[in-house]
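Numbering (the numbering used here), first residue to last: 207 to 520.
Beta carbons: idealized from backbone N, C-alpha and C, even for Gly.
Source: prediction; values computed, not measured.
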């Protein structure tokens, strides 16, 4: 944790500041240098990566309570917006193949560029499809049946902007992300963008990892001990977690007038880990309760609130 090993801290901080300046002035070089994929580093083969994306795809519908046999009916005519798709727009492809009218992927860094590696993953996913989904999947590409040609517009759109915002207005029926919101460099702006993009009857599903940043030790919360100014100097332009805890997400839900359908933790730190980090927390996190500090990740399902009939009291 910050402050326990001053020399190690200094090396880690200086390295972080240098990388942050590379990301600021040379973002393409930063992406190549770090090898960011948007998935982590667990998968090693195209088959494993394809299986990972199948898991992501089905997770969203499991959270919504939609059986696999009903996914096509649910997606028919819908526009899907995905924040942080990573280097392969595989979930967008699966959404289109299963009946979505359009898929929009938005990212802060341009991680996706058609390549042999991404084409191989899409080729495997196409090969997994059957029936009507297979037929739709075949024509998702610029050249039918050729994943190397890239996904075809206008049904697929890839947007890359500084803050990872879509700029959509009342277009998205289903908004999704996995391990993306914790990397937003302006989380409030992302929530505002999400609300603006969502149709009146739309829904948003996000999986958020609050323990995704390891510093120079193995404690899952040690990154919360770095002072805010120092963290900003190291990370403001990098693809690094924003450190906001669950209490901040709850405040943003109220601030942006979004209705919580469900908000459930995926993992909780044990009391010992919270007790260890508590005395060393940066000042901006000292007011966070022990319970909220223990949240290491969560699933969040959101809607726009329904309008009240005129003249009816709350």
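Could you check the C-alpha separation between residue i and residue j for me, to the nearest Å?
i: residue 393; j: residue 335; result: 36 Å
i: residue 211; j: residue 289; result: 37 Å
i: residue 515; j: residue 381; result: With a pLDDT of 43 at residue 515, under the threshold of 50, the modelled position of this residue cannot be trusted; read the value that follows with caution. Taking the straight line from one Cα to the other gives about 27 Å.
i: residue 293; j: residue 324; result: 7 Å
i: residue 505; j: residue 499; result: 16 Å
i: residue 426; j: residue 471; result: 15 Å
i: residue 458; j: residue 477; result: 26 Å
i: residue 473; j: residue 480; result: 13 Å
i: residue 502; j: residue 475; result: 6 Å
i: residue 270; j: residue 455; result: 20 Å
i: residue 228; j: residue 235; result: 7 Å
i: residue 286; j: residue 508; result: 14 Å
i: residue 448; j: residue 295; result: 24 Å
i: residue 251; j: residue 351; result: 22 Å
i: residue 233; j: residue 240; result: 11 Å
i: residue 443; j: residue 400; result: 22 Å
i: residue 519; j: residue 260; result: Its pLDDT being 42, under 50, residue 519 is placed unreliably in this model, and the value from its coordinates should be taken loosely. Approximately 45 Å between the Cα atoms of the pair.
i: residue 371; j: residue 428; result: 29 Å
i: residue 160; j: residue 391; result: Beyond the ends of the chain as shown, which are 207 and 520, falls residue 160; an answer cannot be given.
i: residue 254; j: residue 262; result: 12 Å
i: residue 223; j: residue 482; result: 27 Å
i: residue 369; j: residue 436; result: 21 Å
If you measure between the beta carbons of residue i and residue j, is that distance less than 8 Å?
i: residue 237; j: residue 440; result: no
i: residue 266; j: residue 452; result: no
i: residue 396; j: residue 488; result: no
i: residue 343; j: residue 298; result: no
i: residue 338; j: residue 278; result: yes
i: residue 379; j: residue 284; result: yes
For residue i, collect the residues of the same chain with a Cβ closer than 7 Å to its Cβ; drop the 5 residues on either side in sequence, then sort them by chain order.
i: residue 353; result: 325, 328, 329, 332, 347
i: residue 230; result: 443
Spatial neighbours of residue i within its chain, please: CB distance less than 6 Å, with the 5 preceding and 5 following residues excluded, ordered by chain position.
i: residue 386; result: 289, 290
i: residue 366; result: 313, 316
i: residue 322; result: none
i: residue 374; result: 403
i: residue 413; result: 384, 505
i: residue 468; result: 507
i: residue 465; result: 509, 511
Starting from the C-beta of residue i, find all residues in its chain whose C-beta is less than 8 Å away, skip the five residues before and the five after it, and write them out in chain order.
i: residue 360; result: 308
i: residue 434; result: 488, 489, 490
i: residue 484; result: 496, 499
i: residue 274; result: 264, 267
i: residue 349; result: 355
i: residue 318; result: 291, 292, 293, 294, 295, 311, 324, 364
Would you say residue i reaches chain E, if we count a Cβ-Cβ gap shorter than 8 Å as a contact?
i: residue 349; result: Protein chain content of the structure displayed is limited to a single chain, and chain E is not contained in it.
Quick one, which of the options has its alpha-carbon nearest residue i's?
i: residue 301; options: 320, 340, 319, 318; result: 340
i: residue 306; options: 377, 215, 465; result: 377
i: residue 409; options: 221, 223, 371, 281; result: 281
i: residue 311; options: 362, 437, 414, 223; result: 362
i: residue 493; options: 284, 355, 450, 272; result: 450
i: residue 405; options: 216, 512, 258, 217; result: 512
i: residue 225; options: 466, 438, 468; result: 438
i: residue 463; options: 276, 510, 262, 272; result: 510
i: residue 461; options: 345, 398, 368; result: 398
Note to self: To test your reading of the DSSP string, which unbroken alpha helix (DSSP H) runs of 4 or more residues are found completely within the stretch 398–471?
What the structure shows: 434–441, 452–461
Check: Which full runs of the alpha helix (DSSP H) of 4+ residues lie inside the stretch 271–350, going along the chain?
Finding: 277–281, 296–303, 322–334, 337–344
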